[in-house]
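Residue numbers (this note's numbering): 53 to 757. Every residue gets a Cβ at the ideal spot worked out from N, C-alpha and C, and that includes glycine. Before any comments, here is the structure.
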RNA sequence: GGGCGCGUAGCUCAGCGGUAGAGCACUGCCUUCACACGGCAGGGGUCACAGGUUCAAACCCUGUCGCGCCCACCA
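Structure, rendered in structure tokens:
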């Protein structure tokens, strides 16, 4: 048999055909939701941070979403994949500052706020372009016509409205209390941005002389530098060693201040010395003790400046020292006075900023808080009632546990990059919250107003992503049609940061949870199971893999390895194997073409031949298995079903049997068989398209001559 | 201190009540007219361990060991 001249090559060039087909799809509007009579299907992308480029975890996240979107689009649904990027407050500000430093340019403070923000916007454009280019390379069929950014004008309107409404409802308020303060970044951060590290430290036992001179009081601490701010000493009310001292006072060495001895059940008698120094301005527990004893006259002394150097509230010879220097000096000074009792090794948890990597300081400041407890209740109920389901369901426990114990959410940040808080202050300190400066001014005519300089936590705005991207607060057609969305696909690591916040804000502002399903996938690790990180140098660039094996191969691999949210150990050999699968499929097309018949949308003739009857049953079973896999979010099952069908049944058996059939039968029977096979091939391509869209499109179009 | 997940072929993992599966790797043969990124044939597992439930357990229950993760205010 001689092969026709149009015969396609044995292998194919993914890069060439991928670019060609993606442009074709995008320009022909294939990704637009434009089926008004069809049932909508909606996914909102977890907006990538504009901090650089996408990593392999994004490739996984977006591959899964694209499979769902393309699958449902092929099912006839009016599929919309809402796309965009996140301004990512702290993270982006840090990236830009680092770049300025690397380029030897003036720092943020020297530049001033306006100029610095211009620089960040320039960076945002660059990073945003990189990200959207990467998504296109992956084949993501996003609705680019409605691309959003968490700091675009519409978003700003939504954020402002949410802030003002929560404030008016009493669910958002300004308060002076202890926050997690990051001394390096000079901002408050939320509980979630603190990571505790196990540190081998020390427990220092110091002696505080009793006021009446009758002896000493042993106090144990892991943070000697905060002694300068002690306002009391607390003991357990039932501790027989100390009951007689309750109500007396002791003298705080170094600062020579008399402080009360109080009783509080928070103190464990059998830990440390059984007596706890109370430093209300520098310890969360101590601050609670202080509030429980309003009549004890406990002073609240802020010992530190925002950069964690010792403030003017300290004795003169401590001022300006770093907290580490102050610690050493306190210990030395106590020792010199003969008041250092003993030092014990002590392993304990120390809070670090997850971005800055420095020790977090509990710090007394004015910040804005959201009453998360109140917002959490409907968010809990939505999952308890099954309105929103987690897949795998085990994450529901995690979600419940966190929301059941949720603390007020500090949403203000002392940064420049972000949504500036819509609050204004009069010269005498009164606060006016309004949707605009004009509105605020109208509430205080003739008074000079100063706007709050702080910005909001980046998650405050990303919590609005499911509905603000569709036009909220306007009641747009997009909003009523595509909200709530169907499924959220994201990593389990941001259930607290993002998923829970979207549930809270979404339900509060729209009365509906933002999606019926939350699919949580795992982390992509390297082949050895190590977490990927830039510092370890084991990261994999998705574009490198796409260049090497093609986007289809990478997509198929990620889907095949995605099993019920477990972490993925990504081995390049696996990608190679699925690249071979694409080639196998490609060569099946070659075989079809070499038999001289092509055509799209061929309906197989009635199956009379036993082999045809067999394969058509296999096709039906495969379609059913694929539907079941998608309904259960079993991406591994989806990929494996296709792999087995195409390779083991369609190629190894069916096409092989057809060869002899074609050779032996008369011309008419042979043609009928080939037509039948091609009809099946057509169906096979449809089944495969959601997971490997590029090669299936190329084959589809090529054999349709 | 709580909670969760995992331990199945050399490797990576499915299976979660009815006589052990996939991919890769491995062995042998085949450069056969779709594909050597291929074809055919094949080897390989006391399903971590110990009890229990059951006619029947990798799969359910209890406990043990080993890994990993999350949450938590013992100074």
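Reduced DSSP secondary structure (H/G/I, E/B, other) of residue 259 = strand
Where residue 759 sits in the DSSP three-state scheme | Residue 759 lies beyond the residue range present for the chain, which begins at 53 and ends at 757; the question has no answer from this structure.
For residue 325, does the count of other Cβ atoms within 10 angstroms reach 16, so buried, or fall short, so exposed?
-> buried
Are residue 286 and residue 343 closer than 9 angstroms when you measure CB to CB?
-> no
The ligand MG heavy atoms versus the CB of residue 664: any closer than 8 angstroms?
-> This structure lacks the ligand MG, and indeed carries no ligand of any kind.
Distance, residue 183 Cα to residue 99 Cα = 10 angstroms
Residue 102 vs residue 195 beta-carbon contact at 9 angstroms = no
As assigned by DSSP and simplified to three states, the class of residue 76 | helix
Buried/exposed call for residue 186, threshold 16 Cβ in 10 Å = buried
Between the CA atoms of residue 375 and residue 293 - distance to the nearest angstrom | 33 angstroms
Straight-line CA distance for residue 221 to residue 567?
-> 25 angstroms
Which partner residues does residue 240 have in the DSSP bridge list?
-> 233
Have a look at the DSSP bridge pairing and note the partners of residue 464.
-> 508
Relative to the C-alpha of residue 332, which residue among 735, 130, 346, 173 is closest?
-> 346
Cβ of residue 397 within 9 angstroms of Cβ of residue 538?
-> no
Report all residues from its chain with a CB closer than 7 angstroms to the CB of residue 181; omit the five preceding and five following residues, and keep chain order.
-> none
Throw me the rounded Cβ distance for the residue 572 and residue 498 pair, which I believe falls under 8 angstroms.
-> So it is not a contact: roughly 54 angstroms between Cβ atoms.
Beta-carbon contacts of residue 742 that lie in its chain and below 7 angstroms, excluding the five residues immediately before and after | 119, 122, 123, 126
Where residue 535 falls: helix, strand or coil (DSSP) = coil
Close-in-space but distant-in-sequence residues of the same chain around residue 747 (CB under 6 angstroms, 5 per side omitted) | 604, 634
Three-state class that DSSP yields for residue 741 in the structure shown = coil
Counting pairs of Cβ atoms below 8 angstroms between the region 162-170 and the region 85-96, do you hit three or more?
-> no
Mind pulling the beta strand (DSSP E) runs of 3 or more residues that sit fully within the region 266-340?
-> 268-273, 284-287, 301-304, 309-315, 327-330
Integer-rounded CB distance, given that residue 276 should sit under 8 angstroms from residue 382 = 4 angstroms
From the DSSP output, in three-state form, read off residue 760 for me.
-> The structure shown has nothing for residue 760, since the chain only spans 53 to 757.
Residue range of the unbroken beta strand (DSSP E) whose run includes residue 392 | 392-405
Please name the residue or residues paired with residue 583 in a DSSP beta bridge.
-> 577
Residue 518 and residue 558 look like a contact to me (Cβ under 8 angstroms); what is the Cβ gap, rounded to whole Å?
-> 6 angstroms
Is the region 492-510 close to the region 463-477, with three or more CB pairs under 8 angstroms?
-> yes
Unbroken stretches of the alpha helix (DSSP H), 4 residues or longer, contained in the region 121-183 = 141-154, 160-163
If you follow the beta strand (DSSP E) that residue 683 is part of, which residue opens it and which one closes it?
-> Note, residue 683: premise wrong, no beta strand (DSSP E); alpha helix (DSSP H) at 662-683.
What's the call for residue 674, buried or exposed, on a 16-neighbour Cβ count within 10 Å?
-> buried
With a Cβ-Cβ cutoff of 9 angstroms, do residue 339 and residue 235 count as a contact?
-> no
Determine the burial state of residue 395: buried for a count of at least 16 other Cβ atoms within 10 Å of its Cβ, exposed for fewer.
-> exposed
Which of helix, strand or coil does DSSP assign to residue 227?
-> strand
Does DSSP put residue 418 in a helix, a strand or coil?
-> strand
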